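In the working numbering, the protein residues as written are 38 to 176. Every residue, glycine too, gets a C-beta built ideally from N, C-alpha and C. All figures in this text were calculated on a predicted structure; none of them were measured in a lab.
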């Protein structure tokens with residue numbers, strides 16, 4: 038549990054750093070001075086694209102951090118037992134049947150383990166469990 042807590046704290050610091058980087062990018066003035074109407078449209082488009090790209094980067098970084106916090110063997114894979122231990126450590130309140138269903142949902146290639154890529158794909162799809170995990174790690 039202490040290892041989970043330490044990794045969660047490291048993840049929080051990393052995500053905060055990425056948020057600050059995103060804010061710095063979005064707060065940069067645009068270069069050049071095209072016609073006012075074009076400038077406004079371009080600026081809005083750039084901001085929207087930058088925010089979307091940066092938001093996805095932050096989502097992926099968060100997923101990677103959470104995965105790293107549950108991959109305490111640092112093997113790059115998490116088995117069903119390890120996932121269950123992590124969810125219990127985060128006090129998710131899930132019973133064994135729910136953990137089994139979640140594991141099957143995550144393990145898309147059915148190889149008996151969830152790797153970082155599978156975890157990120159699951160994280161990006163979003164689910165009530167994802168929302169609970171975000172709350173538990175206070176991000």
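Integer-rounded CB distance, given that residue 106 should sit under 8 Å from residue 45: 5 Å
Close Cβ partners of residue 151 (< 6 Å) along its chain, the five nearest in sequence each way excluded: 115, 143 and 144
Contained beta strand (DSSP E) runs [length at least 3] in the stretch 86-169, N- to C-terminal order: none
Residue 40 versus residue 58: straight-line alpha-carbon distance, rounded: 27 Å
Given residue 163 as reference, the closest of 99, 127 and 125 once Cα atoms are compared: 99
Span separating the alpha-carbon of residue 139 from that of residue 168: 14 Å
CA nearest to the CA of residue 161, picked from 43, 92 and 51: 92
Cβ neighbours of residue 133 in the same chain (closer than 8 Å, five flanking residues each side left out): 121
C-alpha distance - residue 154 paired with residue 141, whole-angstrom precision: 15 Å
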